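Last residue of the sequence shown: number 76 in numbering that gives the first Met the number 0, and the count goes up by one each step with no gaps.
Idealized CB from N, CA, C, for every residue including glycine.
Quantities reported herein were computed from a predicted structural model and do not represent experimental measurements.
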Amino acid sequence: MTTASEQLAAAVKAAEEANAKVEALKKQSHAEDLKLAKELIARHGFTQTDLKPELKVGRGTAKRTSTPRKSTRRSKK
């Protein structure tokens, strides 16, 4: 029977190993996807102007609400 601290240490080690594996798979997937994108660009002859609207990053979907302007009129005391 193992103690709680030993179980905790084993769980932490397993979590760290899992995180390392996830990061490695993300890097591998990123490289493969980039290679595929380059192949498709070369195959279809896309130019920067063709891709610019698709890659454009917006400022967000939330609309800003303007703050009410302060009056320049003197207030009565």
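Close-in-space but distant-in-sequence residues of the same chain around residue i (CB under 8 Å, 5 per side omitted)
i	result
Phe45	Leu39
Residue i, DSSP secondary structure in three states
i	result
Pro52	helix
Lys69	coil
Lys12	helix
Ser28	helix
Lys77	What the structure shows of the chain is the stretch from 0 to 76, and residue 77 is not part of that stretch, so it cannot be assessed.
Residues of its chain near residue i, where Cβ-Cβ distance is below 6 Å and the 5 sequence neighbours each way are ignored
i	result
Leu50	none
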